[in-house]
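Asker: Sharing a structure here in structure tokens format.
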Amino acid sequence: GPLEKGQVKNEALRELRVELSKKHKAQELDGFGLYLYGVVLRKLDLVKEAIDVFVEATHVLPLHWGAWLELCNLITDKEMLKFLSLPDTWMKEFFLAHIYTELQLIEEALQKYQSLIDAGFSKSTYIISQIAVAYHNIRDIDKALSIFNELRKQDPYRIENMDTFSNLLYVRSMKPELSYLAHNLCEIDKYRVETCCVIGNYYSLRSQHEKAALYFQRALKLNPRYLGAWTLMGHEYMEMKNTSAAIQAYRHAIEVNKRDYRAWYGLGQTYEILKMPFYCLYYYRRAHQLRPNDSRMLVALGECYEKLNQLVESKKCYWRAYAVGDVEKMALVKLAKLHEQLNESEQAAQCYIKYIQDIYSCSELVEHVEVSTAFRYLAQYYFKCKLWDEASACAQQCCAFNDTREEGKALLRQILQLRNQGETLSTDIAAPVFLPASLSATNTPTRRVSPLNLSSVTP
1 GPLEKGQVKN
11 EALRELRVEL
21 SKKHKAQELD
31 GFGLYLYGVV
41 LRKLDLVKEA
51 IDVFVEATHV
61 LPLHWGAWLE
71 LCNLITDKEM
81 LKFLSLPDTW
91 MKEFFLAHIY
101 TELQLIEEAL
111 QKYQSLIDAG
121 FSKSTYIISQ
131 IAVAYHNIRD
141 IDKALSIFNE
151 LRKQDPYRIE
161 NMDTFSNLLY
171 VRSMKPELSY
181 LAHNLCEIDK
191 YRVETCCVIG
201 NYYSLRSQHE
211 KAALYFQRAL
221 KLNPRYLGAW
231 TLMGHEYMEM
241 KNTSAAIQAY
251 RHAIEVNKRD
261 YRAWYGLGQT
271 YEILKMPFYC
281 LYYYRRAHQL
291 RPNDSRMLVA
301 LGECYEKLNQ
311 LVESKKCYWR
321 AYAVGDVEKM
331 ALVKLAKLHE
341 QLNESEQAAQ
351 CYIKYIQDIY
361 SCSELVEHVE
371 VSTAFRYLAQ
381 YYFKCKLWDE
391 ASACAQQCCA
401 FNDTREEGKA
411 LLRQILQLRN
421 QGETLSTDIA
431 APVFLPASLS
441 ATNTPTRRVS
451 PLNLSSVTP
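Numbering (full-length UniProt numbering), first residue to last: 1 to 459.
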């Protein structure tokens with residue numbers, strides 16, 4: 001099939017290795033010869049030997065960036081990096097900044113790039129683009145977009161890293177900008193892998209997934225080791241419900257670079273669709289190891305543990321996802337529902353309170369279903385605790401949502417009836433303190449409202 005084109009094994013590699021090995025032992029290889037020898041070893045999956053040869057190549061010819069890049073692709077963690085005996089040269093600083101970005105050590109990478117800028121590389125478009133990539137990796141989309149836009153003004157004919165720029169435009173659904181970028185790159189050089197990926201993203205945003213996959217395949221014909229194209233093609237096959245092709249594409253991405261968390265995460269999603277939780281647990285774990293502070297990986301792990309009925313592990317994952325900064329703002333809801341399932345009503349209420357506080361304190365649009373779910377649970381919880389004021393405030397909020405309106409009205413009638421009968425506030429039931437002063441029935445769920453004063457409540 002088309003996925004396997006360009007993956008043909010080179011039968012001459014072993015012969016090349018023997019020949020280059022002899023020259024290496026005789027110390028007849030220069031910097032470029034060592035680079036070639038390292039590539040041969042890497043293609044034969046002799047990783048340790050390849051690393052040693054690439055390190056030697058950087059000593060012999062430190063200005064050859066290709067050797068540094070090959071070395072970068074073979075380093076899997078910071079511990080491996082510590083044991084490398086690298087030449088003390090200014091190129092080493094570029095290498096360290098690059099490898100820190102690849103290893104998701106973004107703070108260290110940005111510090112390195114800043115020191116290079118201070119050292120005299122302030123106008124280097126390479127450094128500017130790498131800083132944008134670093135912000136892309138930590139999902140600071142606004143900052144990354146801003147830097148890429150400035151970069152385009154400085155270097156309008158630049159093609160390198162424009163596929164990353166297109167990923168950002170895709171995430172923000174910026175169709176006109178992505179269309180302009182695709183046409184612009186096509187005019188500059190339509191046979192570059194970056195151009196093919198940008199066009200693929202453009203078609204994907206227009207939901208033309210077959211065309212998108214075709215352009216990612218074209219990119220891979222130009223460069224079978226182009227990581228981004230394999231991962232993006234896997235995403236397209238997922239959209240087309242072609243799980244076997246998606247798995248194949250993601251596996252190719254991992255062969256190219258085992259550090260690509262998107263490929264591991266994609267495999268987890270694929271096996272989740274295939275209802276194979278043990279498989280998806282393995283792949284989500286690998287993705288989490290690469291991105292330990294990414295809430296999406298933790299939520300996916302939590303869901304997986306929940307399906308396997310490992311509820312303690314699931315709760316840990318959801319709480320950790322909230323603690324590191326929940327991107328999708330779903331971790332607390334999932335944790336609350338888990339507490340509900342286990343009849344841990346007080347913990348569930350605490351989670352829902354914190355969820356409402358977080359949602360209403362940000363400027364994003366509120367997901368109606370989950371907010372209404374939270375208010376419904378809290379209204380019922382406070383009603384059981386005989387805290388009529390809090391129950392009434394939550395019930396009034398329920399009336400703002402279509403799916404909970406009738407329940408909210410019914411609960412308000414019950415509260416009014418009990419108050420008329422002289423029912424008093426409960427004093428013997430401990431419940432989380434809920435101060436609804438900042439909420440009123442007139443507040444619509446899509447407006448920004450003041451955060452609830454719940455600093456004393458910690459789920």
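Don't be surprised by glycine CBs; every beta carbon is placed ideally from N, CA and C.
All values derive from a computational prediction rather than experimental measurement.
For chain B, find out if any of its Cβ atoms is closer than 8 Å to the Cβ of Y284; answer yes or no.
Answerer: You won't find chain B in this structure, because it holds only one protein chain.
Asker: Using the three-state DSSP reduction, which class does T76 fall into: helix, strand or coil?
Answerer: DSSP places T76 in coil when its eight states are reduced to three.
Asker: Are there 16 or more other CB atoms within 10 angstroms of the CB of Q396, so buried, or fewer, so exposed?
Answerer: Flag for Q396 reads buried.
Asker: For the putative contact between A245 and Y265, defined by C-beta atoms under 8 Å, what is the C-beta separation to the nearest angstrom?
Answerer: About 17 Å; that fails the 8 Å criterion.
Asker: For E11, does the three-state DSSP call read helix, strand or coil?
Answerer: coil
Asker: Runs of 4 residues minimum, wholly inside the stretch 146-179: which ones carry the alpha helix (DSSP H) assignment?
Answerer: 162-171
Asker: What first and last residue would you give for the alpha helix (DSSP H) that runs through R42?
Answerer: 31-43
Asker: What's the gap between the Cα of I247 and the Cα of L298?
Answerer: Distance between the alpha carbons of I247 and L298: 21 Å.
Asker: Do C196 and A219 have their C-beta atoms closer together than 8 Å?
Answerer: For C196 and A219, yes; Cβs fall inside 8 Å.
Asker: Hey, I99 and Y113: beta-carbon distance below 8 Å or not?
Answerer: With respect to the 8 Å criterion, I99 and Y113 are not classified as neighbours on the basis of their beta carbons.
Asker: Assign L335 to buried or exposed, taking buried as 16 or more other Cβ atoms, counted over all protein chains shown, within 10 Å of its Cβ.
Answerer: Within 10 angstroms of the beta-carbon of L335 lie 16 or more other beta-carbons, which makes it buried.
Asker: Which residues bound the alpha helix (DSSP H) around I99?
Answerer: 90-102
Asker: Comparing C-alpha positions only, which one of N137, D189, E15, V55 sits nearest to E160?
Answerer: D189
Asker: If you check the beta carbons only, do R42 and L16 fall under 8 Å apart?
Answerer: Going by C-beta atoms, R42 is not nearer than 8 Å to L16.
Asker: Near W319, what residues of its chain come up, given a Cβ to Cβ distance below 7 Å and the 5 sequence neighbours on each side ignored?
Answerer: L335
Asker: Quick check on E79: buried or exposed, where buried means 16 or more other Cβ atoms within 10 Å of its Cβ?
Answerer: exposed
Asker: Specify, as a first and last residue, the run of the alpha helix (DSSP H) that M330 falls within.
Answerer: Segment: none, M330 is in no alpha helix (DSSP H) and carries neither H nor E.
Asker: Indicate whether V171 and I141 have their beta-carbon atoms separated by less than 8 Å.
Answerer: yes
Asker: I'd like the span of the alpha helix (DSSP H) that includes L418, first residue to last.
Answerer: 405-420
Asker: Who are the near neighbours of A441 in its chain, counting only those whose CB is closer than 8 Å to its CB and skipping five residues on each side?
Answerer: Per-residue confidence for A441 stands at a pLDDT of 36, beneath the threshold of 50, marking its modelled position as unreliable; no derived number is given.
Asker: How big is the Cα-Cα spacing for D77 and L84?
Answerer: 12 Å
Asker: Should residue 478 and T231 be called a contact, given that it needs their Cβ atoms to be closer than 8 Å?
Answerer: As shown, the chain starts at 1 and ends at 459. That puts residue 478 outside it, with no answer to give.
Asker: Roughly how many whole angstroms lie between the Cα atoms of L105 and P292?
Answerer: Here the alpha carbon of L105 sits roughly 11 Å from the alpha carbon of P292.
Asker: Whose CA, out of V53, D260, M91, lies closest to the CA of F32?
Answerer: Looking at the Cα atoms, V53 is the closest of the given residues.
Asker: Within a Cβ cutoff of 6 Å, which residues of the same chain sit near I254, ignoring the five residues on either side of it in sequence?
Answerer: A263
Asker: Between the C-alpha atoms of H64 and Q341, what's the straight-line distance to the nearest angstrom?
Answerer: 59 Å
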